[in-house]
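In UniProt numbering, the protein residues as written are 1 to 187.
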């Protein structure tokens, strides 16, 4: 099992002093931090992401909710929600204050990247075939974005980022293009 393969990851302050956190884990590491916080989520090939308090150097929680390995994670801009996407094609949303699962969404394919809109109303999930936009209040899929390709295989979206005003979604693809999508973010 992959959870038995280990590498040592040390997170250090810029001064390169004593490590803040040392983690034993295999490759495929994804990191995300909370806005204005000393809390960090580390995602690797685990099926439950560990939540670390960097100030106290403690593991705060393991979030359980995926049946397979986690491939993407993001924190809402206000720091209240965490969304993780897995190889199992599911997206799990957690309340970070209570450390409880709120609900799951189904993407139907492995999740490559996740991004909350600046107002936390929308969540985008990049899969191998499309970008799916979920309305988090209604807990449903609202739109699916697919790039137009002249010929050949449809490129896979690997990264997502919202503009600060929440009107545009930037997506990076395996064909080395960044596509900009104008997204309507009102109900």
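Think of the CB as a built atom: it goes at the ideal place given N, C-alpha and C, for glycine as much as any other residue.
From a predicted model like this one, the values you see are computed outputs, not experimental measurements.
| Query | Result |
| --- | --- |
| Test item: CB-CB of residue 111 and residue 161 under 8 Å | no |
| Close Cβ partners of residue 180 (< 7 Å) along its chain, the five nearest in sequence each way excluded | 168 and 170 |
| Backbone CA spacing between residue 156 and residue 148 [nearest angstrom] | 12 Å |
| Per-residue burial, residue 22 [other beta carbons within 10 Å of its own, 16 or more giving buried] | The predicted model places residue 22 with a pLDDT of 46, which falls under 50 and marks its position as unreliable, so this point remains unresolved. |
| From 80, 87 and 105, residue whose alpha carbon lies closest to that of residue 99 | 80 |
| Three-state class that DSSP yields for residue 132 in the structure shown | strand |
| Endpoints, beta strand (DSSP E) assigned at residue 172 | 168 to 173 |
| Environment of residue 125 [buried if 16+ CB atoms lie within 10 Å] | buried |
| Rounded straight-line distance, which links the Cα of residue 105 to that of residue 140 | 8 Å |
| Proximal residues to residue 135 (C-beta, below 6 Å), its chain only, five neighbours per side dropped | 142 |
| Neighbourhood of residue 115 by C-beta distance below 7 Å, restricted to the same chain and skipping five residues each side | 74, 124, 160, 161 and 162 |
| Collapsed DSSP secondary structure at residue 164 in the structure displayed | coil |
| Close-in-space but distant-in-sequence residues of the same chain around residue 97 (CB under 8 Å, 5 per side omitted) | 80 |
| Limits of the unbroken beta strand (DSSP E) element including residue 112 | 111 to 116 |
| Nearest-angstrom Cα separation, counted from residue 102 out to residue 95 | 6 Å |
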